[in-house]
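Worksheet: one structure, shown below.
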Ligand code: HEM
């Protein structure tokens, strides 16, 4: 029997500690698994087995025999009675939720999820309805940002008083631009709105409402920190109530409105059950559109900052440089966006629960007698972030060329289990009983992210102060300032 490395703590280790432990005990020593024991003050201990190699993570994401997704039910079934997270381990719930979502998407005009996956996908990619909505979102946000940069009276008077030259307006390209665009999409596409004085304050409120649910999932597996679970429960109930409030008046073309239009199929005593299903679906879809796409955009900007070959002598990323990068993205949007996300993804790891006892060989160069025992109920933490940089697969530590990325598509894990050749799949919709759960919204997400990048060309003076100024933050995706010139006016076409 192989020696198990012992590491423990009262709760799941924070990212920095996790990274240190894994680099030290695992990747450097060619180990396949590293076990961490959570020993909380109250309640049962929990074993978390970290897995980092690309091959192992991909295999475990498809392993429905040994693993299930009940961790989602534990961490995210927080919206009150009968709430289940969309990606539930309960087969009957899962089947019902998918069936209702599919019917809603199939209503005319049909909402295609494989948007952008056409042979002509490229510079003039037609992303269908989601592309049009994303373009509206970008234009509205740019217009607001540019307008406020021109007419910020308080700034002007403050600078007049101090007899200083008015500075060039600074905006935060994650908070003021990225998060606002994704909020707009939550309103117009998903059908969920929150009250607030403007788009920016509404976006902040929405983030506050849905953030704890995602936060709890990733930093509190097994709900071993009761205070975090309690806060998450409380706020998630508010989030669900807000969805149910919007359900009544949702515009019929939005996802929520489409789900409401299914109501006549159900007898009066089944209506409230349908509303709960609808709310569960929207809790995840709205969360992913806003939270994951917003943080994904932050990741892309971070990758551009860290990895694109920009002239070192100039501080910041000038508008000209930025436009060149965006042009290159447009030549191969899918490959470039995936490559940026591979380096900095909002989803760094995914949990699975062992549904029975089994063993894993400890060393990558397999020695069948050197094993770690996995017990029913233990967690596997599949480190997609590490696996995405596994140098046995991605030998180039920088950015891969689009052609190279295309060949490696089946190794990219930031959208979960890879969805290879989607157009060839037998069904447009995932099979709820299948063990693997590739991201359902990934085609929409890429389209939105591409439009967001294109939108940045509307500012004729993008200029970051210094490179490497990105500050990450798990709740809001991070922050990255850029300066825009007040003389700039939004152009009405992004082309
Ligand atoms: C339009 C935005 C998005 C929507 C609507 C969306 C929706 C979903 C849904 C419904 C699932 C569950 C699939 C299933 O149960 O079969 C899922 C899974 C997943 N999504 Fe997304 N998503 C979006 C954006 C993103 C982004 C930007 C990322 C990260 C880059 C991401 C990462 C993932 C991952 C890693 C999984 C797999 C989870 C697992 O296997 O446990 N998603 N997504």
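In the working numbering, the protein residues as written are 1051 to 1545.
Where a beta carbon is used, it is the ideal one built from N, C-alpha and C, also for glycine.
All of these numbers come straight from a predicted model, not from anything done at the bench.
Residue i: first and last residue of the uninterrupted beta strand (DSSP E) it sits in
i            : result
residue 1431 : 1429 to 1432
residue 1085 : 1083 to 1088
residue 1011 : As displayed, the chain neither begins before 1051 nor continues past 1545, which places residue 1011 out of reach and without an answer.
residue 1281 : Per DSSP, residue 1281 belongs to no beta strand (DSSP E); it is in the alpha helix (DSSP H), 1276 to 1299.
residue 1421 : 1421 to 1424
Straight-line gap, residue i to residue j (C-alpha atoms, nearest Å)
i            : j            : result
residue 1121 : residue 1402 : 6 angstroms
residue 1146 : residue 1327 : 8 angstroms
residue 1196 : residue 1222 : 13 angstroms
residue 1296 : residue 1241 : 7 angstroms
residue 1258 : residue 1337 : 11 angstroms
residue 1058 : residue 1073 : 16 angstroms
residue 1353 : residue 1372 : 13 angstroms
residue 1094 : residue 1265 : 22 angstroms
residue 1299 : residue 1276 : 36 angstroms
residue 1182 : residue 1250 : 21 angstroms
residue 1178 : residue 1253 : 25 angstroms
residue 1388 : residue 1314 : 41 angstroms
residue 1061 : residue 1104 : 26 angstroms
residue 1502 : residue 1357 : 19 angstroms
residue 1027 : residue 1144 : With the chain covering only 1051 through 1545, there is no way to say anything about residue 1027.
residue 1085 : residue 1428 : 10 angstroms
residue 1431 : residue 1318 : 43 angstroms
residue 1165 : residue 1421 : 44 angstroms
residue 1310 : residue 1158 : 14 angstroms
residue 1282 : residue 1333 : 13 angstroms
residue 1089 : residue 1096 : 7 angstroms
residue 1261 : residue 1268 : 11 angstroms
residue 1452 : residue 1386 : 6 angstroms
residue 1191 : residue 1227 : 7 angstroms
residue 1169 : residue 1163 : Low confidence applies to residue 1169: its pLDDT is 46, below 50, so where it sits in the model is not reliable enough to give any reading.
residue 1493 : residue 1111 : 20 angstroms
Residue i Cβ short of 7 angstroms to the ligand HEM heavy atom set
i            : result
residue 1139 : no
residue 1396 : yes
residue 1334 : yes
residue 1492 : yes
residue 1339 : yes
residue 1114 : no
residue 1495 : yes
residue 1467 : yes
residue 1346 : yes
residue 1464 : yes
residue 1393 : no
residue 1360 : no
residue 1431 : no
residue 1085 : no
residue 1343 : yes
residue 1136 : yes
residue 1400 : yes
residue 1119 : yes
residue 1099 : no
residue 1489 : yes
residue 1111 : yes
Cβ neighbour criterion (16 or more within 10 Å) applied to residue i
i            : result
residue 1272 : buried
residue 1457 : exposed
residue 1224 : buried
residue 1068 : buried
residue 1349 : buried
residue 1497 : buried
residue 1160 : exposed
residue 1078 : exposed
residue 1500 : buried
residue 1231 : buried
residue 1460 : exposed
Alpha helix (DSSP H) segment containing residue i, residue limits
i            : result
residue 1232 : 1229 to 1235
residue 1073 : 1065 to 1075
residue 1265 : 1249 to 1269
residue 1330 : 1321 to 1337
residue 1351 : 1343 to 1357
residue 1443 : From DSSP, residue 1443 is part of no alpha helix (DSSP H); its letter is neither H nor E.
residue 1314 : Premise fails: residue 1314 is in no alpha helix (DSSP H) and is neither H nor E.
residue 1378 : 1369 to 1381
residue 1146 : 1141 to 1156
residue 1110 : 1104 to 1111
Residues bridged to residue i [DSSP beta-bridge criterion]
i            : result
residue 1099 : 1085, 1430
residue 1404 : 1117
residue 1460 : Residue 1460 pairs with nothing; no bridge assigned.
residue 1410 : 1422
residue 1058 : 1087
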